[in-house]
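Step one of this worksheet: look at the structure below.
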Amino acid sequence: MDLEYSLQQAHLYYQSKNVEFARKIYRQILRHDPMCAQAWNRLGIIAYESGRTEIGIQLVRQALEINSDQPEFLVNLGQMLMKSDKFIEAVRVFQDALEKDPNDLDTITSLGISLTRVGKIDEAIQIYQYGLEANPNSAQVYKNLGWAFEETNRLEKAIQAYQSAIRIDPEVGTTYADLARVLYARGSLEESIKNFRYALKYTPEDALTYSNLGTAFKENGQFDEAIQAYQKAISINPKNAEVQNRLGNAFREYGMLDEAIQAYQKAIDANPKYADSHSNLGTLLLMQGNLKHGWKELEWRWKSEKFAKNNKRLFPHPLWDGHQLTGKAIVIWSEQGIGDCIMFASLLFRLQQKAERILVETQQRMVLLFRRSFPNIGFFCIQDPPNSRLLERSVDYQSSIGSLAQWLLPDEESFPKSSSYLKACADKTGEVRDEYQKLAMGKLLIGIS
Numbered sequence: 000m001d002l003e004y005s006l007q008q009a010h011l012y013y014q015s016k017n018v019e020f021a022r023k024i025y026r027q028i029l030r031h032d033p034m035c036a037q038a039w040n041r042l043g044i045i046a047y048e049s050g051r052t053e054i055g056i057q058l059v060r061q062a063l064e065i066n067s068d069q070p071e072f073l074v075n076l077g078q079m080l081m082k083s084d085k086f087i088e089a090v091r092v093f094q095d096a097l098e099k100d101p102n103d104l105d106t107i108t109s110l111g112i113s114l115t116r117v118g119k120i121d122e123a124i125q126i127y128q129y130g131l132e133a134n135p136n137s138a139q140v141y142k143n144l145g146w147a148f149e150e151t152n153r154l155e156k157a158i159q160a161y162q163s164a165i166r167i168d169p170e171v172g173t174t175y176a177d178l179a180r181v182l183y184a185r186g187s188l189e190e191s192i193k194n195f196r197y198a199l200k201y202t203p204e205d206a207l208t209y210s211n212l213g214t215a216f217k218e219n220g221q222f223d224e225a226i227q228a229y230q231k232a233i234s235i236n237p238k239n240a241e242v243q244n245r246l247g248n249a250f251r252e253y254g255m256l257d258e259a260i261q262a263y264q265k266a267i268d269a270n271p272k273y274a275d276s277h278s279n280l281g282t283l284l285l286m287q288g289n290l291k292h293g294w295k296e297l298e299w300r301w302k303s304e305k306f307a308k309n310n311k312r313l314f315p316h317p318l319w320d321g322h323q324l325t326g327k328a329i330v331i332w333s334e335q336g337i338g339d340c341i342m343f344a345s346l347l348f349r350l351q352q353k354a355e356r357i358l359v360e361t362q363q364r365m366v367l368l369f370r371r372s373f374p375n376i377g378f379f380c381i382q383d384p385p386n387s388r389l390l391e392r393s394v395d396y397q398s399s400i401g402s403l404a405q406w407l408l409p410d411e412e413s414f415p416k417s418s419s420y421l422k423a424c425a426d427k428t429g430e431v432r433d434e435y436q437k438l439a440m441g442k443l444l445i446g447i448s
């Protein structure tokens, strides 16, 4: 068997998409010569491209067992490892390949991406910069360098890298979109909008770019343009819940509440588990007086990873589900800011009528005010870990302070009728009033909060 001729013939079949004939010839080669590393490598590529990545990895490893000095095999293996999310091993493989072929762009870019995926972004930056020394006209390496700088929030350097990529290859729409994204993060909204528009000249059906353009318009106060951009993105990809949600936000900020509700509902139709749209819908339903449905939708905020990370407190007790609290103890914990805490604190009066014992974890600056206003409730500062009294087994339930509303405010009639529930310190109030009256020299005192 003429080995070189057979390899060439198989490769021609492969290039002409006649993969089965190519696979058959490679197998014939291996039956004749099991030590033909290139045949193992090509079979690995065919397996990988047909979706059998693990088999592809095994076959290319076999090629490397026979010939470990072939950088092509190492690069193929590394890319398959990347596809399998085995980035730590991919880094080692690409480093080995780079030692054998120090100027190969595919190896440099793949190594940089793998380093980024394992959190070694500074090393990735060094690799890209090394690659640019030998390949100063590589737009792709500059683009990847921009990504790495962007990941580490070095926005000016990211902008410079993307601009360099554009100078080298000015007809790649995604690079303009990358540049626009960083300009937006820097607050350069007009420049960001301009570059998103450039991107769309080359990628006119890119829904993500239209969506990002819409966000830049919205932040720039151009609501009509923002709505049009979001609607264009939706026309390209109508099942994108995130863009529907962004459209809802634009309608809401523009005061078009009915349209915002429709957009949020469409986002939920596209992805019933999209928490942000549920909670946004809940807010608008509450504004319209639809309390029961509004509170229910607003509870989805706890399924938003970002919101939960910034607000959720971890207690061992079951969440209160509205059941009777007679003879029960409950821990209440604050969420969001001081304003929300003060607003929902009005519900503590009603909760006192239901529960035997209430313990509240709140911001330190609120503790004295709340103790004075609700003397029969225990208040504790937020700390990690929580005060041990809040963790006692004698506690039956827990709830965020905002989540009380779904059980205590189901309709307008249930809202507290009392006009005031916070009690100021009389001594401190007197001291401050005397001080201000002296400054006012008999004029009327007006307080603005």
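When you line the sequence shown up against numbering that gives the first Met the number 0, it's residues 0 to 448, in that order. Here a beta-carbon is modelled for each residue, glycine too, at the ideal position from N, C-alpha and C. Computed from a predicted model, the values in this text were never measured in an experiment.
_Please identify the residue among 99, 208, 168, 404 whose C-alpha is closest to the C-alpha of residue 291._
Considering only 99, 208, 168, 404, the residue with the shortest C-alpha distance to residue 291 is 404.
*Secondary structure of residue 38, DSSP reduced to three states*: helix
*Which ranges would you report for the beta strand (DSSP E) in the region 304 to 386 if only whole runs of at least 3 residues count?*
328 to 332, 356 to 361, 377 to 380
*Give the DSSP-derived three-state secondary structure of residue 273 in the structure shown.*
coil
*Going by C-alpha distance, which of 219, 351, 156, 272 is nearest residue 244?*
When only C-alpha atoms are compared, the closest one is 272.
_At least 3 beta-carbon pairs within less than 8 Å: the region 27 to 41 vs the region 56 to 67_ = yes
*Return the Cβ separation of residue 52 and residue 74 in integer angstroms, given the expectation that the two are a contact with Cβ distance under 8 Å.*
Actually they are not in contact, since the Cβ atoms of residue 52 and residue 74 sit about 15 Å apart, beyond 8 Å.
_Check whether residue 225 and residue 231 have beta carbons under 8 Å apart_ = No, these two residues do not count as a Cβ contact at 8 Å.
*Buried or exposed: where does residue 89 fall if 16 or more other Cβ atoms within 10 Å of its Cβ makes it buried?*
buried
*Evaluate contact between the region 303 to 318 and the region 416 to 432, counting only Cβ atoms and requiring at least three cross-stretch pairs below 8 Å.*
no
*Would you mind sorting residue 209 into buried or exposed? The rule is 16 or more other CB atoms within 10 Å of its CB.*
Around the beta carbon of residue 209, 16 or more other beta carbons sit within 10 angstroms, so the residue counts as buried.
*C-beta atoms of residue 204 and residue 235 nearer than 8 Å*: It is a contact, given that the beta carbons lie within the stated cut-off.
_If the criterion is Cβ atoms closer than 8 Å, does the pair residue 360 and residue 333 meet it?_
yes
*At least three beta-carbon pairs within less than 8 Å, the region 428 to 445 to the region 360 to 374*: no
*chain B beta carbons: is any one of them nearer than 8 Å to that of residue 159?*
Given the protein chain composition of this structure (a single chain), no chain B is represented.
*Where does residue 380 land, buried or exposed, given buried means 16+ other C-beta within 10 angstroms?*
It is exposed - the Cβ of residue 380 has fewer than 16 other Cβ atoms within 10 Å.
_Integer-rounded CB distance, given that residue 174 should sit under 8 Å from residue 161_ = Your pair residue 161 and residue 174 checks out as a contact, with CB atoms roughly 6 Å apart and the cut at 8 Å.
_Residue of 346, 215, 393, 377 minimising C-alpha distance to residue 420_ = 346
*So the beta strand (DSSP E) residue 402 belongs to, where does it begin and stop?*
Counting along the chain, residue 402 falls outside any beta strand (DSSP E), and DSSP gives it neither H nor E.
_Environment of residue 321 [buried if 16+ CB atoms lie within 10 Å]_ = exposed
*Please determine, among 314, 312, 267, the residue with the shortest C-alpha to C-alpha distance to residue 299.*
267
_7 Å CB neighbourhood of residue 373 in its chain, flanking five on each side removed_ = If we look at residue 373 and ignore the five residues flanking it on each side, its Cβ neighbours are 347.
*What number of angstroms, rounded off, separates the C-alpha of residue 293 from the C-alpha of residue 246?*
20 Å
*asked:* So for residue 253, helix, strand or coil by DSSP?
replied: coil
_residue 171: first and last residue of the uninterrupted alpha helix (DSSP H) it sits in_ = Where residue 171 is concerned, there is no enclosing alpha helix (DSSP H), given that its DSSP letter is neither H nor E.
_Pair within 8 Å by beta-carbon distance, residue 112 and residue 138_ = no
*Nearest-angstrom Cα separation, counted from residue 2 out to residue 35*: 9 Å
*asked:* My assumption, with CB atoms under 8 Å, is that residue 389 sits in contact with residue 330. Please give the rounded CB distance.
replied: 5 Å
*Could you check where the alpha helix (DSSP H) with residue 136 kicks off and where it finishes?*
Looking at the DSSP string, residue 136 is not in any alpha helix (DSSP H), and its letter there is neither H nor E.
*Check whether the Cβ atoms of residue 277 and residue 252 sit closer than 8 Å, and answer yes or no.*
Not a contact, by the Cβ cut-off of 8 Å.
*asked:* Quick check: what's the CA-CA separation for residue 117 versus residue 92?
replied: 14 Å
*Between the Cα of residue 180 and the Cα atoms of 135, 169, 148, which residue gives the shortest distance?*
Closest by alpha carbon: 148.
*asked:* Going by DSSP, what residue range makes up the alpha helix (DSSP H) through residue 113?
replied: 104 to 116
_Please tell me whether residue 45 and residue 18 are closer than 8 Å, where the distance is taken between their beta carbons._
yes
*Under the three-state reduction of DSSP, which class applies to residue 420: helix, strand or coil?*
coil
*Beta-bridge partners of residue 396, as assigned by DSSP*: Its beta-bridge partners are 329.
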